[in-house]
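Asks: Before anything else, here's the structure in question.
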């Protein structure tokens with residue numbers, strides 16, 4: 001089978017977590033004897049060819065970061081430019097990733113994604129939701145590869161079946177919510193560790209103010 | 225009450241004109257942004273507003289005046305077209321660009337992780353939409369979107385129901 005993969009991320013390919021996930025997923029997909037092509041909506045020069053690929057192919061997968069409970073505006077703009085297919089046979093599936101750990105954070109977007117294919121004259125092939133992906137951009141080497149390995153395996157399964165099997169979607173859906181113990185830790189000691197790590201990252205990026213600064217109200221609580 | 229209206233529909237959209245006229249008559253102070261006159265590009269996901277220049281968007285277009293206005297007005301009403309049952313992409317871009325209102329820090333509230341708000345303000349947001357919107361979904365999405373900014377959703381209404389919406393907004 002041939003698959004069209006479209007990244008709905010606004011971030012440029014080189015800095016995009018979604019692009020890294022798509023690369024891993026594509027590797028799995030192609031390892032089971034399939035072929036694939038990938039388009040990146042962050043590069044508007046690719047939109048015309050991405051649209052043509054959507055129109056001419058029957059297996060389409062969108063990968064996207066969660067943006068304010070739904071698809072990024074840039075992806076919505078692309079979707080708005082597509083016409084509903086008149087012939088049945090096309091299936092659209094989704095890979096949704098976000099920074100928060102709970103998979104429940106992606107459910108509102110998933111609801112929209114479930115309704116979307118029918119409006120484009122297509123069938124729905126399922127959505128994999130993966131949380132806690134913020135760190136991917138900071139990880140390289142083994143840690144990054146470990147985080148991406150489940151996507152390679154999901155790609156292999158998807159390549160074999162042409163859709164996401166329910167058990168694959170469920171295996172990604174962990175945790176739906178954090179446990180009471182995890183919440184206690186996250187709101188307790190981990191909070192200070194997180195803040196320290198964030199401040200270190202910010203400093204490396206050249207940040208010269210507090211991360212909770214209030215520049216638009218004039219109430220900038222000083223010091224870092 | 226001070227009311228902020230952000231309209232991504234064309235200025236001469238008849239229902240939007242009526243709704244804006246009615247809403248502005250009801251409040252002490254009102255400001256309307258017509259985004260067709262403005263340059264507002266999509267969020268590029270650079271995270272600068274969280275990690276490099278906290279609270280300041282790295283994209284230099286006309287959006288910063290909207291960000292400032294969120295803080296100056298009590299209630300914000302979005303007026304949007306619809307795409308595939310959801311808000312149009314122009315409105316989604318406006319909302320995606322709200323990230324500087326939150327900080328990078330997180331904490332867990334009511335069982336889910338949330339970004340810690342940057343400003344001490346209880347936002348109130350409402351949505352009027354034109355076209356074939358899915359009201360149930362849009363209302364649900366508004367409540368979720370508001371949770372992320374520690375705000376209150378005033379609901380999502382078809383623009384034809386602007387009088388009904390005005391009651392909820394005021």
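Chains as they are written, first to last, in our numbering: chain A, 1 to 224; chain B, 225 to 394.
Note that the Cβ used here is the ideal one computed from N, Cα and C, for glycine as well.
So for residue 372/B, helix, strand or coil by DSSP?
Replies: Taking the first residue of the second chain as 1, we reach residue 372/B at position 148. Of the three classes helix, strand and coil, the one that applies to residue 372/B here is helix, per DSSP.
Asks: Can you name the residues of chain A whose CB is closer than 9 Å to the CB of residue 359/B?
Replies: Taking the first residue of the second chain as position 1, residue 359/B is located at position 135. Chain A residues near residue 359/B: none, gap ~13 Å exceeds 9 Å.
Asks: How about residue 264/B and residue 287/B: do their beta carbons lie closer than 8 Å?
Replies: Counting from 1 along the second chain, the entry for residue 264/B is found at position 40. Counting from 1 along the second chain, the entry for residue 287/B is found at position 63. In contact: residue 264/B and residue 287/B (Cβ atoms closer than 8 Å).
Asks: Along the chain, where does the beta strand (DSSP E) that runs through residue 253/B open and close?
Replies: If you number the second chain from 1, residue 253/B lands on position 29. Start and end: 253 to 258.
Asks: Can a CB atom of chain C be found closer than 8 Å to the CB of residue 115/A?
Replies: This model lacks chain C altogether; the protein chains it does include are A and B.
Asks: DSSP on residue 53/A, reduced to helix/strand/coil?
Replies: For the purposes of this step, residue 53/A is taken as residue 53 along the first chain, with counting starting at 1. Helix.
Asks: Expressed to the nearest angstrom, what Euclidean distance is found between the alpha-carbon atoms of residue 72/A and residue 9/A?
Replies: If you number the first chain from 1, residue 72/A lands on position 72. If you number the first chain from 1, residue 9/A lands on position 9. Distance between the alpha carbons of residue 72/A and residue 9/A: 7 Å.
Asks: Taking just the CA atoms, how far does residue 183/A sit from residue 223/A?
Replies: On the first chain, position 223 is the one that residue 223/A refers to. On the first chain, position 183 is the one that residue 183/A refers to. Because the pLDDT of residue 223/A is 34, which lies under 50, any placement of that residue in the model is unreliable, and the question is left without a value.
Asks: If I'm right that residue 127/A touches residue 151/A with Cβ under 8 Å, what's the distance once you round it to whole angstroms?
Replies: As a first step, residue 127/A must be located in the first chain, where it is residue number 127. As a first step, residue 151/A must be located in the first chain, where it is residue number 151. Actually they do not touch by this definition, with Cβ atoms about 14 Å apart.
Asks: Under 7 Å between beta-carbons, which chain B residues line up against residue 102/A? List them in chain order, please.
Replies: Indexing the first chain from 1 puts residue 102/A at position 102. Going along chain B in sequence order, the residues near residue 102/A (Cβ under 7 Å) are 336 and 337.
Asks: Cutting at 8 Å between CB atoms, please list the residues of its own chain near residue 384/B, excluding the five before and the five after it.
Replies: Looking up residue 384/B in the second chain gives position 160. Here the set comprises 239.
Asks: Under three-state DSSP, which class holds residue 34/A?
Replies: Mapped onto the first chain, residue 34/A falls at position 34. Three-state DSSP puts residue 34/A in coil, outside helix and strand.
Asks: What is the DSSP secondary structure of residue 70/A, counted as helix, strand or coil?
Replies: Here residue 70/A is taken as the residue at index 70 of the first chain, counted from 1. Residue 70/A: strand per DSSP, three-state reduction.
Asks: Determine the contact status of residue 201/A and residue 275/B, defining contact as a CB-CB distance below 8 Å.
Replies: Position 201 of the first chain, counting from 1, holds the residue named residue 201/A. Position 51 of the second chain, counting from 1, holds the residue named residue 275/B. It is a contact, given that the beta carbons lie within the stated cut-off.
Asks: Starting from the C-beta of residue 312/B, find all residues in its chain whose C-beta is less than 7 Å away, skip the five residues before and the five after it, and write them out in chain order.
Replies: Working through the second chain from its first residue, we reach residue 312/B at position 88. Answer for residue 312/B: 232, 304, 305 and 306, listed in chain order.
Asks: Identify the residues that DSSP records as bridge partners of residue 379/B: which are they?
Replies: For the purposes of this step, residue 379/B is taken as residue 155 along the second chain, with counting starting at 1. Answer is 350/B, bridged to residue 379/B.
Asks: Taking the CB atoms as reference points, tell me whether residue 91/A and residue 122/A lie closer together than 8 Å.
Replies: Taking the first chain and counting its residues from 1, one reaches residue 91/A at position 91. Taking the first chain and counting its residues from 1, one reaches residue 122/A at position 122. Yes, Cβ-Cβ distance for residue 91/A and residue 122/A is below 8 Å.
Asks: With a threshold of 7 Å on Cβ separation, who are the neighbours of residue 82/A within its own chain once the five nearest residues in sequence on each side are excluded?
Replies: Sequence index remark: in the first chain, residue 82/A carries index 82 (1-based). The answer, listed in chain order, is 51, 54 and 120.
Asks: At the 8 Å Cβ level, is residue 262/B part of the contact set with chain A, yes or no?
Replies: Counting from 1 along the second chain, the entry for residue 262/B is found at position 38. Answer no: the Cβ-Cβ gap between residue 262/B and chain A never drops below 8 Å.
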